[in-house]
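Chemist: In the working numbering, the protein residues as written are 78 to 291.
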């Protein structure tokens, strides 16, 4: 992962103000947090209409990212943890300016793959650990930029298989599926289910991601 650290150093030399704000960041000071995140977003050079994917959407940092992106006319895909009260949380984040808010379980479905293909997030911001960090990495387009803000990325990228690669997978057991004038496929394929976990640096290389730790 030495490439990632060299990349950080390069950013610091190109924009000392950004690097200085991030180094001075204090998690106990809301204004410091907001300034640090604003500097990170500005360093990504996302244009209005571009898309950013990030996790921990309902945390203080996640909410700040949503508001800052809205100010810059950047679309957001915000990932939140699966827990009771999610519908209310989703509405709250949308009221802050969030464009699309999804629970972690949604990121493991075919619908998430379709979503990122439509919006093409060129940058991702990791604010947490575990699978949500992996979900952000998978959501960024090939050749995009992933910034991990004060967090370590997982050791490996796990392919759990998409849970809904066809309409039929979304129907409850015992339900009814009508095929209107079309033949159903011969086999049901679970995309990614046969892939073994791979190291994060290998994953980043395959996707040609620019990975930055702050």
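The C-beta atom is built at its ideal place from N, Cα and C for all residues, glycine as well.
Might you give, ordered along the chain, the residues of its own chain that have their beta carbon closer than 7 Å to the beta carbon of residue 178, omitting 5 neighbours on each side?
Modeler: Here residue 178 is taken as the residue at index 101 of the chain shown, counted from 1. 134, 155, 157, 167, 170 and 171.
Chemist: Look up residue 203 in the DSSP assignment and say whether it is helix, strand or coil.
Modeler: Taking the first residue of the chain shown as position 1, residue 203 is located at position 126. Strand at residue 203.
Chemist: With 16 as the cutoff for other CB atoms within 10 Å, does residue 164 come out buried or exposed?
Modeler: Walking along the chain shown from the start, residue 164 turns up at place 87. The residue is exposed, with fewer than 16 neighbouring Cβ atoms inside 10 Å.
Chemist: Should residue 231 go down as buried or exposed, given a rule of 16 or more other Cβ atoms within 10 Å for buried?
Modeler: Within the chain shown, numbered from 1, the residue matching residue 231 stands at position 154. Buried, because 16 or more other Cβ atoms sit within 10 Å of the Cβ of residue 231.
Chemist: Check the DSSP bridge columns for residue 151 and list the partner residues they point to.
Modeler: By one-based count along the chain shown, residue 151 stands at place 74. Answer is none; residue 151 lacks a bridge partner.
Chemist: Among 143, 229, 191 and 137, whose alpha-carbon lies nearest the alpha-carbon of residue 217?
Modeler: Start at 1 with the first residue of the chain shown, and residue 217 comes out as number 140. The candidate whose alpha carbon is nearest that of residue 217 is 191.
Chemist: Pull the bridge partners of residue 128 from the DSSP assignment, please.
Modeler: If you number the chain shown from 1, residue 128 lands on position 51. Partner(s): 152.
Chemist: I'd like the span of the alpha helix (DSSP H) that includes residue 235, first residue to last.
Modeler: If you number the chain shown from 1, residue 235 lands on position 158. Note, residue 235: premise wrong, no alpha helix (DSSP H); not H, not E.
Chemist: Return helix, strand or coil for residue 286, following the three-state DSSP convention.
Modeler: As a working mapping, residue 286 is identified with position 209 in the chain shown. Residue 286 falls in the coil class under three-state DSSP.
Chemist: Identify, in the order they occur along the chain, each residue of the same chain with its Cβ nearer than 7 Å to the Cβ of residue 220, setting aside the five sequence neighbours on each side.
Modeler: Residue numbering aside, residue 220 sits at position 143 when the chain shown is read from its first letter. Closer than 7 Å at Cβ, skipping near neighbours: 285.
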